[in-house]
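Q:
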Amino acid sequence: MRKNMVSHESNGYKIIVVDDEQGIVDSLSIFLRRSGYDFTGVTNPLEAIEKVKNEHFDLMILDFMMDPIHGDEVVEQIRKFNKELYILLLTGHKDLAPPLETIKKLDIQGYCEKSDKFDQLLLLIESGIKSIEQMHTIKQINEELKDKNDELEKAYLDTIGILRYTVEAKDPYTRGHSDRVSEYSVLLGQKLSLDDKTLHILKIGGLFHDIGKIGIPDSILLKDSKLNDEEYSQIKNHPTIGAHMLGDADIFKDIIPVVKHHHERFDGKGYPSRLEGANIPLVARIAAVADTFDAMTSKRTYRNSLPIDVVKAEIERCSGSQFDPEIAKVFLDILNNEYNKILEIQEKYN
Ligand SMILES: [Fe+2]
Ligand SMILES: [Fe+2]
């Protein structure tokens with residue numbers, strides 16, 4: 000039961016005492032209020048669990064032998080929804096105290112035997128409060144760091160957005176292309192069960208893979224008719240230009256493999272580095288399939304988009320020469336069984 004006692008200057012920390020002996024609750028109430036704590040006393044352990052669910056407490060002082068449930072069960076229940084509450088177990092009879100194993104397992108921070116004097120308990124409470132203060136500080140620092148990280152991440156994505164739109168503004172035929180390549184790549188990455196970090200690289204790398212086209216003269220980039228050899232070799236510089244553009248910025252270093260190597264071929268006949276097979280970074284092998292697929296399924300000035308059956312046959316034909324066969328197979332599986340996902344992406348960015 001909660002008793003209203005004479006109020007003392009509060010230190011702001013809230014303590015809940017759970018003991019089925021009203022006498023203990025009463026004496027702790029006087030003692031703890033006098034020491035400056037905000038006190039709540041409960042004699043029913045089930046009520047204590049409910050209170051912790053609905054109110055904030057910094058510390059709990061808990062009796063062990065209680066009805067209808069013992070202190071260890073109270074802790075077990077509370078730990079299911081609250082891992083932060085600092086819990087001190089108060090044991091009445093030495094022989095009936097829970098084994099140390101239980102105390103450790105339940106994440107009880109300390110225990111002490113009941114006695115008439117509360118000196119030992121007060122020391123435990125004070126050191127508990129110090130730990131709680133440190134926990135608060137660490138939590139606060141963590142939150143601040145997370146906020147800073149979120150800000151950096153946002154600035155990074157904004158920068159990518161601006162640079163990317165610069166390319167797309169130059170070349171209307173690539174509009175939507177990077178978005179689609181990004182999404183197809185992530186879809187492939189998911190099917191290949193890649194981790195979140197790699198999926199993120201695929202996402203951002205896809206958005207950015209053709210950024211080097213900024214460095215290609217408009218007369219070539221926007222040419223309607225077929226390119227001559229010299230012009231084609233200039234276009235082929237875009238992966239190297241892109242990688243060079245991003246090379247000095249630490250935040251972009253993870254996506255450079257996508258930018259630089261998305262035109263490598265599995266048989267080693269691609270560009271710019273003529274890398275072969277597994278020497279081509281996995282993210283670039285994935286982006287290569289996504290990129291070529293999007294080129295084939297987009298309308299160009301000189302041709303319509305190709306029918307999906309032709310596209311599938313082409314991916315099949317190029318599996319093992321242009322494409323990593325494993326990735327080509329997974330992509331064909333997507334085209335055969337989850338084509339709606341591809342259509343959704345195309346609709347979103349057309
Ligand atoms: Fe490209
Ligand atoms: Fe591309």
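If you're matching positions, the sequence shown starts at 0 in numbering that gives the first Met the number 0 and goes up one per residue. Every residue gets a Cβ at the ideal spot worked out from N, C-alpha and C, and that includes glycine. Keep in mind that this is a model prediction, so the values were computed, not measured.
Check whether the region 246-261 touches the region 203-221, counting contact only when three or more Cβ pairs, one atom from each stretch, lie closer than 8 angstroms.
A: Yes: at least three Cβ pairs fall under 8 angstroms.
Q: Just to check my reading of the structure: residue 350 and residue 124 have Cβ atoms closer than 8 angstroms, yes? What is that Cβ distance to the nearest angstrom?
A: As shown, the chain starts at 0 and ends at 349. That puts residue 350 outside it, with no answer to give.
Q: Could you check what DSSP says for residue 174 in three-state terms: helix, strand or coil?
A: Looking up residue 174 in the sequence shown gives position 175. DSSP places residue 174 in coil when its eight states are reduced to three.
Q: Which of helix, strand or coil does DSSP assign to residue 62?
A: As a position in the sequence shown, residue 62 is number 63, starting the count at 1. Three-state DSSP puts residue 62 in a strand.
Q: Tell me which same chain residues have a C-beta within less than 8 angstroms of the C-beta of residue 75, skipping the five on either side of it?
A: Within the sequence shown, numbered from 1, the residue matching residue 75 stands at position 76. Excluding residues within five positions, the ones whose Cβ falls inside 8 angstroms are 105.
Q: If I measure Cβ to Cβ from residue 220 and keep anything under 8 angstroms in the same chain, skipping five residues before and after, which residues do I get?
A: The sequence position of residue 220 within the sequence shown is 221, counting from 1. Only 169, 170, 212 and 234 meet the Cβ criterion.
Q: Quick one: give me the first and last residue of the alpha helix (DSSP H) that residue 159 is part of.
A: Indexing the sequence shown from 1 puts residue 159 at position 160. 118-169 is the extent of the alpha helix (DSSP H) around residue 159.
Q: Which one or two residues does DSSP pair with residue 29 in a beta bridge?
A: As a position in the sequence shown, residue 29 is number 30, starting the count at 1. DSSP lists no partner for residue 29.
Q: Taking contact to mean 3 or more Cβ pairs, one atom from each stretch, closer than 8 angstroms, check whether the region 332-345 and the region 183-198 are in contact.
A: Short answer: they touch.
Q: Give the DSSP-derived three-state secondary structure of residue 112 in the structure shown.
A: Against the sequence shown, residue 112 aligns to sequence position 113. Strand, per DSSP.
Q: Give every residue whose Cβ lies closer than 7 angstroms to any heavy atom of ligand 1, listed in chain order.
A: So the residues near ligand 1 by this Cβ test are 208, 209, 237, 238, 261, 262 and 290.
Q: Quickly, what does DSSP pair residue 322 with across the bridge? List them, please.
A: Here residue 322 corresponds to residue number 323 of the sequence shown, with the count starting at 1. Answer is 318.
Q: On the DSSP letters alone, give me the boundaries of the alpha helix (DSSP H) that residue 38 sits inside.
A: As a first step, residue 38 is located in the sequence shown; it is residue number 39 there, counting from the start. Unbroken run through residue 38 is the beta strand (DSSP E), 37-41; no alpha helix (DSSP H).
Q: For residue 183, name the three-state secondary structure that DSSP assigns.
A: Numbered from 1 along the sequence shown, position 184 holds the residue referred to as residue 183. Residue 183: helix per DSSP, three-state reduction.
Q: Could you pull out every residue in the same chain whose Cβ sits closer than 6 angstroms to the Cβ of residue 348, ignoring the five residues on either side in sequence?
A: Along the sequence shown, read from residue 1 onward, the residue named residue 348 stands at position 349. Once the five neighbours on either side are set aside, the close Cβ partners of residue 348 are 175, 178 and 179.
Q: Could you tell me whether the region 315-328 touches the region 292-300, using the rule of 3 or more Cβ pairs below 8 angstroms?
A: Contact fails: fewer than three Cβ-Cβ distances are below 8 angstroms.
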